[in-house]
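In this note's numbering, the protein residues as written are 28 to 427. We treat Cβ as the ideally placed atom computed from N, Cα and C, and that holds for glycine. Every value quoted in this text rests on a predicted model; they were computed, and no experiment measured them.
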């Protein structure tokens, strides 16, 4: 197994019976522990109007976390550009970089107030982890590619006219505002960072702070559509979201590599791939910790929003009356989680890496108990380190 770094994707989940403040403190504590365990990156997702998620502003949360850590890279997975401007994004990350230079990853996503179109995309904040355009449908039934499970595709078409989706768009966008073309918006961000921005009349703009900030720019995507093409065409790093839309992960990685053009940042494509993971001392214990995932995903996919993450007992009560349609709604996400002992999960992650050719893996773990979540990351890091060549944790894509 080659030396493949592991990173963390944190949604700042709120467990049932807890508060947003406690969830934020837990995430900052987990970041400190992840740094100690040897994880390469720690990213925060952006979600809105989700009762069980406190991560509404990646820049704010990573600024708080930067002051509590020293070496681990921190970033967004992803900033939702559908309701933001290039300037506001560059200025926010420039502020943090001014005090914590050389540690930031600016991960960019397409969602967030952007009206769904054909093919429909996830509603703002719904695709736990900053998902972008929805994965294309596949033939009925599961298939495997190089040992990796690829389930049928899931479409968000049923949510396109949902009142809560419309409300999120209304609240995120100023009246009359229209999202900028994504490729153009990414180009503006890159130009502002480089100090090369000019409008059509040649007028210059300089973001202070922000211009010259030492940040890595990433694009997150769930299919082989615009996100993958934009990342490749600009020579940027790319994250393929297996945990959000597992049906499209191979297409996303392939489209990115096909579109890739060398840049000052990268000479070759660089891909990370995300995965939902729960690790415990043995498979049975891990499965028990992971029971809450079904109602969590169900809330996301019905536009109700992620629920406060339930205990196993609460989760069983929530799913007791589910219909076949309810189970089918979350099946692809449940089937593609990696849950088990350290050895079981590491085997799954090796297959994910081999099937996608990932340069890094991005791990998202949610449990009701904070100690269980910390232990999951610790057990995985220990097993991964045992399998990996010495020094692999330093390979984080910082060289061209």
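Asked: Burial state of residue 403 (16 or more Cβ within 10 Å); Found: buried
Asked: Cα-Cα separation, residue 329 to residue 124; Found: 37 Å
Asked: Per-residue DSSP class, three states only, for residue 284; Found: helix
Asked: Continuous beta strand (DSSP E) stretch holding residue 103: start and end; Found: 100–103
Asked: Residue environment, residue 235, which counts as buried when at least 16 other CB atoms sit within 10 Å; Found: exposed
Asked: Span of the alpha helix (DSSP H), counted from its first residue to its last, around residue 349; Found: Per DSSP, residue 349 belongs to no alpha helix (DSSP H) and is neither H nor E.
Asked: For residue 301, the three-state DSSP class (helix, strand or coil); Found: strand
Asked: Residue 283 beta carbon less than 8 Å from that of residue 302; Found: no
Asked: Distance, residue 36 Cα to residue 173 Cα; Found: 25 Å
Asked: Sufficient close CB pairs (3 or more, under 8 Å) joining the segment 211–227 to the segment 93–105; Found: no
Asked: Status (buried if at least 16 other CB within 10 Å, exposed otherwise) for residue 227; Found: exposed
Asked: When 321, 305, 175 and 209 are compared against residue 370, the one with the closest alpha-carbon; Found: 305
Asked: Alpha-carbon to alpha-carbon, residue 130 and residue 237; Found: 14 Å
Asked: Contacting residues, own chain, Cβ-Cβ under 7 Å from residue 168 (five flanking each side not counted); Found: 179
Asked: Close-in-space but distant-in-sequence residues of the same chain around residue 357 (CB under 6 Å, 5 per side omitted); Found: 321, 324 and 325
Asked: Close-in-space but distant-in-sequence residues of the same chain around residue 317 (CB under 8 Å, 5 per side omitted); Found: 305, 364, 366 and 394
Asked: Local conformation of residue 154 per DSSP, three classes; Found: Reliability of the predicted coordinates at residue 154 is poor, the pLDDT of 37 falling under 50, and no value is obtained from them.
Asked: 6 Å CB neighbourhood of residue 263 in its chain, flanking five on each side removed; Found: 244 and 246
Asked: Pairwise C-alpha distance: residue 134 and residue 64; Found: 23 Å
Asked: Where residue 224 falls: helix, strand or coil (DSSP); Found: coil
Asked: Segments assigned alpha helix (DSSP H), at least 4 residues, entirely inside the segment 69–98; Found: 85–93
Asked: Residue 376 and residue 388 closer than 8 Å at C-beta; Found: yes
Asked: Within 8 Å, strictly: CB atoms of residue 91 and residue 69; Found: no
Asked: Cβ neighbour criterion (16 or more within 10 Å) applied to residue 267; Found: buried
Asked: Coarse secondary structure for residue 259, derived from DSSP in three states; Found: helix
Asked: Residue 327 - containing alpha helix (DSSP H), residue span; Found: 320–328
Asked: Backbone CA spacing between residue 60 and residue 412 [nearest angstrom]; Found: 15 Å
Asked: Residue 138 versus residue 340 - alpha carbon distance; Found: 33 Å
Asked: DSSP three-state assignment for residue 120, whether helix, strand or coil; Found: helix
Asked: Residues bridged to residue 265 [DSSP beta-bridge criterion]; Found: 246 and 298
Asked: Endpoints, alpha helix (DSSP H) assigned at residue 372; Found: 369–383
Asked: Contacting residues, own chain, Cβ-Cβ under 6 Å from residue 331 (five flanking each side not counted); Found: none
Asked: Beta-carbon proximity check, residue 72 vs residue 104, cutoff 8 Å; Found: yes
Asked: CA-to-CA distance, residue 106 to residue 240, given in whole angstroms; Found: 17 Å
Asked: Bounding residues of the alpha helix (DSSP H) (the contiguous stretch that carries residue 405); Found: 397–414
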